[in-house]
Amino acid sequence: MEYLVSKGIVDSYFEKFKKILNVDVAIVGGGPSGLLASYYLAKNGVNVVLFERKLAPGGGMWGGAMMFNDIIVQHEALPIVNELGINHKPYAEGLYVIDSLQATSSLIYHASKAGATLMNCISVEDVVIQDEKVNGVVINWAPVHRERMHVDPIIVTAKVVLDATGHDCEVARILERKNGIKLNTPTGSVIGERSMSVYEAEKTTIENTKEIYPGLFVSGMAANGVSGSFRMGPIFGGMLLSGQKVANTILNAVNQTV
Ligand code: 48F
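Per the numbering used here, the sequence shown starts with residue 2, numbered consecutively.
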């Protein structure tokens, strides 16, 4: 029995690992925008993997506001909330309160059920570049990074990479720093997010969701960060709509390249 328990896990995990070494889409970051993008892509038959460095995907959604575990969504995002079966209570005009734990677990559940491969405890530390295009990501165990161990990584090739790393816009920063290239942002560089301005930030999250370099897309707070837009705190409609928008944009891109 002991042998079978171990063998079942090792066989299954390495099957999964082999499947994600060459994918259509690699998503970096399991916050709400990345998770929702992975759900819509998988639902549309795209081979998609999502890498999250923490034990639990979900990013900043679990904690609500200052650990008060409720969040706000606007009516524009209600069709997505309903599609995921998340309960919501009307609160003020056009605004709804949802339980952050139910919302986050539902995103993870639906992404996985739709066929997205979710890989936790793995950090993306670099990208692959071929012919002036991002063509994949370079991964390692998150604890290897934390312990600063000198261990070489594994390479995952992908037609498209999505930077959904939240406030730090890590993938875009690495791409810019290491390669001295110009990004499709107002200055050509990663500008970094501005202070709190909820209404404006929710709007720009969706506008800034786009391809910023051939093969590299941004969503969620990473989209606002690269373009120098505001933060918005515990309102999540923009994150969900950004995840949906980037999935549609990537679907077009992937279908053109298959
Ligand atoms: O920050 P995060 O939740 O991303 P998001 O989809 O949503 C932002 C909101 O949660 C909130 C907000 C909205 O109202 O302002 O902050 O933009 O999740 C980003 C995830 O990416 C992981 C990180 O651990 C987090 O779970 N992550 C970041 N860098 C890496 C990474 C990396 N290099 N490799 C793997 N995972």
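Just so you know, even glycine gets a beta-carbon here, dropped at the ideal spot from N, CA and C.
It should be emphasised that the depicted structure is a prediction, and the values quoted were computed from it without experimental measurement.
In the three-state DSSP reduction, A66 falls in the strand class (E or B). Judged by beta-carbon spacing, I213 lies within the 8 Å limit of T186, meaning their Cβ atoms are closer than that value.
Using a cutoff of 7 Å, the CB of A165 counts as near ligand 1, since one of the ligand's heavy atoms is closer than that. Residue pairing for A159: DSSP places it in a beta bridge opposite V24.
The three-state secondary structure of R178, taken from DSSP, is helix. By the Cβ test, the region 155-171 is in contact with the region 19-28, since at least three Cβ pairs between them sit closer than 8 Å. For S39, the enclosing alpha helix (DSSP H) starts and ends at P33 to K44. Our two residues, N136 and N256, have alpha carbons roughly 16 Å apart in a direct line. Straight through space, the alpha carbons of K90 and I99 are spaced by roughly 7 Å. A heavy atom of ligand 1 is found nearer than 7 Å to the CB of M222.
Taking every protein chain shown into account, the CB of G9 has fewer than 16 other CB atoms within 10 angstroms, so this residue is exposed. Judged by beta-carbon spacing, A38 lies beyond the 8 Å limit of I72, meaning their Cβ atoms are not closer than that value. In this structure, V161 sits near A254, with a CB-CB distance shorter than 8 Å.
Scanning its chain for C-beta atoms nearer than 6 Å, with the 5 sequence neighbours on each side dropped, one finds around M233 the residues V199, A202 and E203, in chain order. Going by beta carbons, V247 and S228 fall outside the 8 Å limit. By the criterion of a C-beta distance shorter than 6 Å, H146 is surrounded in its chain by S124, once the five residues flanking it on both sides are discounted.
The criterion of a C-beta distance shorter than 8 Å is not satisfied by P215 and K114. Listed as beta-bridge partners of L96 by DSSP are Q75 and A93. Our two residues, V26 and L163, have alpha carbons roughly 7 Å apart in a direct line. The nearest non-hydrogen atom of ligand 1 is 7 Å or more from the C-beta of I192. For M68, the closest alpha carbon among the candidates G181, S101, Y97 and E3 is that of S101. Between the alpha carbons of W63 and L56 lies a distance of about 13 Å. Of the residues assessed, E53 falls on the buried side of the cut-off, its CB having 16 or more other CB atoms within 10 angstroms. For V125, the shortest separation between its Cβ and any heavy atom of ligand 1 lies below 7 Å.
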